[in-house]
Amino acid sequence: MEAAIRNLVQRRVLTCMCGAFSDKWLDVARRCGKEAEPLQVEWGKHIDASAVEEKLATGKFDAVTFIHNETSTGVMNPLANICAVVRRYPDVALIVDTVSSFSAVAINMDELGIDVMLTGAQKALALPPGFSLFSVSEKGFARAAEQKDRGYYFDFLEFKKQQEADMTPTTPSIAHIHALQSKLKEIFAEGLADRHARHARTNRLVHEWVRDKGFGFFAEEGFRSVTLTCVRNDRGIDVAKLVRDLREKHHLVIDGGYGKLKGQTFRLSNMGDETEETQAHLLRCLDDCLRA
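For the sequence shown, my numbering gives the first residue as 853, with consecutive numbering after it.
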């Protein structure tokens, strides 16, 4: 996140904010000494393309940060619509966070016009945390070349220079690289289309369970994530007890609501290596804990 801000923002960045992780972009940008303006919507709501259009039409911005899948609220924002708006402003660089959607849904970076796309190892890639991946467009590299304060550790041009020699600017996490190589073999053996379809199927299982058990969805209809579900605690259960019972009785861990949503929601993931069988097992165990 900091690398994208340092390399691409020259004048002012518009930070699209709809939850804990997208909200963090504003803090990151300002800590990097950049002028930043929030486009804030209520948690659980999506970023509307027309609101982005209205902001960019002012001519004040040369970059936009946008999160595809807001992990804290279970909102999947309309990526194609937002990208279509930003493409109408060729002087604006688009930075997209795909931390909990990458590899679970199709994202054609070049076709969409994304200038920096970033993700993490620990979500849909189902690898241990501590490793980040990013891709930069030619437009992004050209913008970076104009920046005077991109530093060394976060310098995209240094990464590109080193990559051409099959190197990295600093010593990388070798274990993560081997793990990623193994994971990519699994992904391509399954097939991208089949991987995307599997995430859609396991997501439907969770959604059916939520409705069947009398809970609600925190994310608005039509903009719900296909990799995780933020369940609204409409039944007024003791979420902390549910989380504790699930861990102690079944050795399974779920999140009892992120940040200010703690106790009001809980989150169920279906991303990464989850299958219909593993998802069904989780839901059966949740049933058992709810009966207790």
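Even glycine gets a Cβ: it sits at the ideal position worked out from N, Cα and C. Model, not experiment: these values are computed from the prediction.
| request: May I ask you to verify whether the region 881-899 touches the region 1124-1132, counting CB pairs closer than 8 Å and requiring at least 3? | output: no
| Collapsed DSSP secondary structure at Glu1100 in the structure displayed | helix
| What did DSSP end up calling Ser984 once you bin it into helix, strand or coil? | strand
| task | Report back the beta-carbon spacing between Gly1111 and Val1095 to the nearest angstrom; my notes put them in contact at under 8 Å. | result | In fact, because the Cβ distance is near 15 Å, the residues do not count as touching under 8 Å.
| request: Counting only runs of 3+ residues fully inside the region 1066-1114, write out the beta strand (DSSP E) ranges in chain order. | output: For secondary structure counted as the beta strand (DSSP E) over 3 or more consecutive residues, the region 1066-1114 holds these complete runs in sequence order: 1080-1084.
| Start and end residues, beta strand (DSSP E) containing Gln892 | 887-892
| Whose CA, out of Gly1088, Gln892, Ala909, Ala956, lies closest to the CA of Arg1053? | Ala956
| task | Please confirm whether Asn859 and Arg1002 have their CB atoms less than 9 Å apart. | result | Result yes, Cβ atoms of Asn859 and Arg1002 sit closer than 9 Å.
| task | Over the uninterrupted alpha helix (DSSP H) stretch that includes Thr1054, give me the two end residues. | result | 1044-1064
| query | In the DSSP assignment, what are the bridge partners of Asn921? | reply | Asn921 is bridged to Met928.
| Neighbourhood of Lys1101 by C-beta, 6 Å cutoff - its chain only, sequence neighbours within 5 removed | none
| Mind checking whether Ser989 and Val968 have CB atoms under 9 Å apart? | Contact flag set, yes.
| query | Under 9 Å between the Cβ atoms of Ala901 and Pro930? | reply | Less than 9 Å divides the Cβ of Ala901 from the Cβ of Pro930.
| task | Just the C-alpha distance for Leu878 and Thr867, rounded to the nearest angstrom, thanks. | result | 6 Å
| query | So what does DSSP say about Met1019, is it helix, strand or coil? | reply | coil
| task | Tell me whether Gly992 sits in a helix, a strand or coil according to DSSP, three-state version. | result | helix
| message | For Val1154, which residues in the same chain have their Cβ closer than 6 Å to its Cβ, ignoring the five residues on either side in sequence? | response | Any property of residue 1154 remains undetermined from this structure, which presents the chain solely from 853 to 1144.
| request: Go ahead and pull the three-state DSSP assignment for Asp1125. | output: coil
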